[in-house]
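Just so you know, the sequences run in chain order A and B.
In case it helps, the numbering used here puts the first sequence at residues 57 to 569.
In case it helps, the numbering used here puts the second sequence at residues 2 to 158.
Below is one structure, written out as structure tokens; comments come after it.
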Amino acid sequence: MDNIVLLVVLPLLAAFLMPVVARSSEVVARTLGLSVLFISIGIILNVWSQSGQIDSQAVSIVIGGFLPPLGINFYVDQISLFFALAVPVMVLLFWPWHRATSIREYSLMMLLTASASGLILSGDLFNIYVFYELLGIASYSLVAIQGRVSAVAASFRYLLMGSVGSVMMLLGIAIIYTQTGTLNLAHLSLLAPEKLNNMLGLASFALILTGMGVKAELFPVNSWVPEVYGSVSSNLAALMAGLLSKLAVIVIVRLLILLFPQPEALQLMGMLGILGVLTGELVAWRSRDFVRMLSFSSIGQLGLIFLAFSIPGEMGMMAGIAIALHHMLVKPALFMLATGWRGAVENLSGVARRSPFVVLLFIVLILSLLGIPPLPGFWAKYLLMVGLSSQDGFIYTLGMIIVPLAMVIEMAYLFKIVMIMYRKDNDEPAVNNSNIVDDSNIVDDSNIKVVQKHSKWGLAIAASVAAMLIAIVLQLQPASDKLLSLANQLSDRNYYISTVFPQIHTVRMQSIK
Amino acid sequence: MPAIEVVLYSGAIGLSIIGLTGLLLLNNVFRMLLALVILESGVNLLLILSGFRLAGVAPVILPEQLSNLSAIVMNDPVPQALVLTAIVIGVGVQALGLAMILRIKAQYGTLNMLKIREQLEFDLAVQSGVATPVSAHSPVSLASGRERQLSNHKDEQ
Numbered sequence: 057m058d059n060i061v062l063l064v065v066l067p068l069l070a071a072f073l074m075p076v077v078a079r080s081s082e083v084v085a086r087t088l089g090l091s092v093l094f095i096s097i098g099i100i101l102n103v104w105s106q107s108g109q110i111d112s113q114a115v116s117i118v119i120g121g122f123l124p125p126l127g128i129n130f131y132v133d134q135i136s137l138f139f140a141l142a143v144p145v146m147v148l149l150f151w152p153w154h155r156a157t158s159i160r161e162y163s164l165m166m167l168l169t170a171s172a173s174g175l176i177l178s179g180d181l182f183n184i185y186v187f188y189e190l191l192g193i194a195s196y197s198l199v200a201i202q203g204r205v206s207a208v209a210a211s212f213r214y215l216l217m218g219s220v221g222s223v224m225m226l227l228g229i230a231i232i233y234t235q236t237g238t239l240n241l242a243h244l245s246l247l248a249p250e251k252l253n254n255m256l257g258l259a260s261f262a263l264i265l266t267g268m269g270v271k272a273e274l275f276p277v278n279s280w281v282p283e284v285y286g287s288v289s290s291n292l293a294a295l296m297a298g299l300l301s302k303l304a305v306i307v308i309v310r311l312l313i314l315l316f317p318q319p320e321a322l323q324l325m326g327m328l329g330i331l332g333v334l335t336g337e338l339v340a341w342r343s344r345d346f347v348r349m350l351s352f353s354s355i356g357q358l359g360l361i362f363l364a365f366s367i368p369g370e371m372g373m374m375a376g377i378a379i380a381l382h383h384m385l386v387k388p389a390l391f392m393l394a395t396g397w398r399g400a401v402e403n404l405s406g407v408a409r410r411s412p413f414v415v416l417l418f419i420v421l422i423l424s425l426l427g428i429p430p431l432p433g434f435w436a437k438y439l440l441m442v443g444l445s446s447q448d449g450f451i452y453t454l455g456m457i458i459v460p461l462a463m464v465i466e467m468a469y470l471f472k473i474v475m476i477m478y479r480k481d482n483d484e485p486a487v488n489n490s491n492i493v494d495d496s497n498i499v500d501d502s503n504i505k506v507v508q509k510h511s512k513w514g515l516a517i518a519a520s521v522a523a524m525l526i527a528i529v530l531q532l533q534p535a536s537d538k539l540l541s542l543a544n545q546l547s548d549r550n551y552y553i554s555t556v557f558p559q560i561h562t563v564r565m566q567s568i569k
Numbered sequence: 002m003p004a005i006e007v008v009l010y011s012g013a014i015g016l017s018i019i020g021l022t023g024l025l026l027l028n029n030v031f032r033m034l035l036a037l038v039i040l041e042s043g044v045n046l047l048l049i050l051s052g053f054r055l056a057g058v059a060p061v062i063l064p065e066q067l068s069n070l071s072a073i074v075m076n077d078p079v080p081q082a083l084v085l086t087a088i089v090i091g092v093g094v095q096a097l098g099l100a101m102i103l104r105i106k107a108q109y110g111t112l113n114m115l116k117i118r119e120q121l122e123f124d125l126a127v128q129s130g131v132a133t134p135v136s137a138h139s140p141v142s143l144a145s146g147r148e149r150q151l152s153n154h155k156d157e158q
């Protein structure tokens with residue numbers, strides 16, 4: 057069980073050792089780097105199979121022999137273990153296999169893996185801040201390293217926004233620390249009902265939400281999304297939209313459950329979620345280029361996730377996790393399909409005749425994204441609507457109106473693409489691309505051609521995602537049971553506290569009651 | 002509150018406000034980065050102050066002090082450790098930002114955020130084939146300026 061710590065240590069070590077080892081032998085460095093990812097996956101699968109009780113029993117791993125709240129700890133429960141598994145798996149899936157990578161890019165990917173695993177496992181507020189910053193540095197550099205100047209400019213704007221966000225987050229952490237005098241999540245959660253249940257607590261939540269929200273594509277701080285996703289390769293965009301945004305969301309939700317009991321915090325998040333849904337979907341509807349459309353639709357989907365998590369109680373938690381996992385599957389698959397369809401949507405006319413299978417895959421994916429029964433996306437949105445209808449309050453009523461409206465807008469632009477794909481006349485592309493300027497800095501010039509072939513790897517990912525969606529439909533009952541147990545575990549504060557502090561659990565529980 | 006703490010707190014809050022205002026109002030990317038540095042120092046100072054005691058000593062317990070621990074006022078070491086980490090991370094991010102500014106200046110030939118953004122949007126549109134370099138909507142002056150820049154750059158190499 058203590059092996060879990062290696063999930064952070066090994067990639068971090070690899071990230072910094074790889075450039076050194078590469079000086080003597082590049083092949084050894086690359087092999088070692090990749091094997092770290094496989095070892096990580098092996099460790100998690102081992103933990104999962106050895107201790108079947110992880111389903112019912114979370115574990116707190118103490119690091120360095122100092123017990124919390126003095127020492128730091130990792131908190132391993134079902135959802136953090138699941139995301140810790142998703143990190144190396146998705147990094148491997150979206151590794152830039154199709155082109156030669158420099159050893160620097162390699163080591164940045166390792167840094168990304170280490171910090172992403174640390175972020176989801178950490179049980180200490182300041183460690184969360186440090187891993188979040190590391191994740192930020194890794195992703196700014198990975199975007200900037202893509203070669204084109206536009207990528208550097210997009211990355212710089214992302215860096216400015218991300219750094220301001222993390223300064224805000226630091227301020228929020230400072231407020232929490234002055235109020236409570238501790239940074240351990242479980243200890244904070246014990247103290248929260250009396251010390252953070254006030255305006256200062258709400259202010260610190262708003263600050264942390266702004267900070268983490270930059271990565272989670274939250275409404276006012278997401279202007280980097282279309283610029284960055286538009287200028288990087290589809291693999292990186294898929295990784296960022298699929299995995300990193302979800303990690304930030306899960307950490308926000310964990311902090312919300314443990315630290316901020318006041319209902320105003322939920323309403324704030326719900327309101328920002330609604331604004332995100334509206335702006336994201338409306339701009340996606342207006343955009344003319346496929347990748348940009350996907351980026352804005354991703355903002356909209358993240359808004360839905362925030363709205364779902366803002367519903368108090370089990371239903372909201374289930375809906376939030378369901379939409380998050382569903383988006384985590386579907387959006388990377390769509391980005392992989394977009395490798396072949398970069399460019400204006402008008403250029404896609406007649407694609408259906410040339411590659412009917414790929415278009416069929418695309419249709420299955422967008423039907424699930426829209427929420428057409430019986431695909432999993434429908435059940436996720438169904439949970440959201442049931443959750444919203446069970447609450448009263450302005451935000452939730454507004455949500456009841458906005459969610460179907462957003463679905464209609466989504467349908468309008470996604471079906472428009474399908475219509476263009478099945479259009480007959482592909483002799484005259486609406487936009488002439490023949491005179492594209494030749495940029496001297498292009499490393500990966502496969503991206504500049506507007507309509508090109510899909511990579512086999514990307515198609516395989518998209519096809520397996522579609523197969524998984526159908527498998528979930530067939531296994532709906534076990535899937536929803538699993539979802540319920542995930543939601544239960546994530547939303548149980550007392551359970552978190554008693555896992556980290558088994559000794560004071562009984563005493564404190566009585567005093568709380 | 003003693004006068005010195007008032008000065009320190011107002012200094013910290015003032016630095017943060019200067020930094021935030023700079024980020025919102027300035028238009029030069031280098032100055033924006035400097036504003037970020039100022040904002041970070043303001044917040045770091047605020048964090049340090051949260052553990053600061055006016056009469057406090059360094060948080061080290063000497064053997065002869067063990068008998069009367071309650072009589073000693075100590076500064077809280079945790080915020081200091083946090084700020085140390087935050088400073089290191091901040092320096093890393095600023096260095097990365099500066100390197101990016103150098104690349105942007107070399108290629109786009111400007112430090113103006115609005116122009117960079119305009120050029121970025123234009124580049125993205127061209128890359129995805131939505132706009133052509135010579136279309137009516139394109140910022141022709143910018144594009145030609147950029148091409149000049151590019152050719153200058155090649156000449157230098």
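Where a beta carbon is used, it is the ideal one built from N, C-alpha and C, also for glycine.
Since the model is a prediction, treat every value here as computed from it, not as a measurement.
Simplified DSSP state of residue i, which is helix, strand or coil
i	result
Met-166/A	helix
Met-477/A	helix
Met-2/B	coil
Asn-76/B	coil
Ser-81/A	coil
Ser-289/A	coil
Val-464/A	helix
Ile-13/A	For chain A, the structure presents residues 57 to 569; residue 13/A sits outside this window and is missing.
Val-506/A	For Val-506/A, the pLDDT reaches just 43, beneath the cut-off of 50, and the residue's location in the model is therefore unreliable, although a value from the coordinates is still provided. Val-506/A falls in the coil class under three-state DSSP.
7 Å Cβ shell around residue i - same chain, five flanking residues per side excluded
i	result
Leu-16/B	Ile-39, Ser-42, Gly-43, Leu-46
Ala-140/A	Leu-63, Ile-100, Ser-173, Ile-176, Leu-177
Ala-468/A	Trp-341
Asn-28/B	Asn-113, Met-114, Leu-115
Lys-302/A	Ala-380, Met-384
Ile-73/B	Val-58, Gln-66
Leu-149/A	Ile-517
Proximity test, Cβ basis, 8 Å: residue i and chain B
i	result
Asp-345/A	yes
Glu-283/A	yes
Ala-462/A	no
Ala-400/A	yes
Gly-356/A	no
Gly-174/A	no
Gly-127/A	no
Phe-182/A	yes
Own chain, CB closer than 8 Å to residue i, minus 5 neighbours either side, in chain order
i	result
Val-77/A	Val-84, Ala-85, Leu-88
Asn-183/A	Ile-128, Gly-174
Ile-95/A	Leu-62, Leu-66
Any C-beta of chain A under 8 Å from that of residue i
i	result
Thr-86/B	yes
Ile-62/B	no
Gln-128/B	yes
Gln-66/B	no
Pro-80/B	yes
Leu-55/B	no
Ile-117/B	yes
Glu-6/B	no
Leu-16/B	no
Val-30/B	yes
Ser-11/B	no
Leu-121/B	yes
Gly-23/B	no
Gly-110/B	no
Nearest-angstrom beta carbon gap, residue j and residue i [assumed within contact, 8 Å]
i	j	result
Ala-375/A	Leu-440/A	4 Å
Leu-331/A	Phe-275/A	4 Å
Glu-273/A	Val-284/A	Not really, about 10 Å apart at Cβ, beyond 8 Å.
Met-373/A	Ser-446/A	Not confirmed; about 13 Å, so no contact.
Lys-263/A	Met-225/A	In the sequence on display, residue 263/A carries Leu and not Lys. Correct: roughly 6 Å between the Cβ atoms.
Gln-202/A	Ser-289/A	6 Å
Gly-93/B	Ile-465/A	The Cβ separation is near 41 Å, so there is no contact.
Original post:
Mind listing which residues of the stretch 210-236 of chain A have their C-beta closer than 9 Å to chain B's C-betas, in chain order?
Top reply: Those would be Ala-210, Ser-211, Phe-212, Arg-213, Leu-215, Leu-216, Gly-218, Ser-219, Val-220, Ser-222, Val-223, Met-224, Leu-226, Leu-227, Ile-229, Ala-230, Ile-231, Tyr-233, Thr-234, in chain order.
Original post:
For the stretch 187-210 of chain A, which residues have a CB atom closer than 7 Å to at least one CB atom of chain B, in sequence order?
Top reply: Glu-189, Ile-193, Tyr-196, Ser-197, Ala-200, Val-205, Ser-206, Val-208, Ala-209, Ala-210
Subject >> Contact set between the stretch 283-303 of chain A and chain B, restricted to residues whose Cβ is under 8 Å from the partner >> reply: Those residues of the stretch 283-303 of chain A that come within reach of chain B (Cβ to Cβ, closer than 8 Å) are Glu-283, Gly-286, Ser-287.
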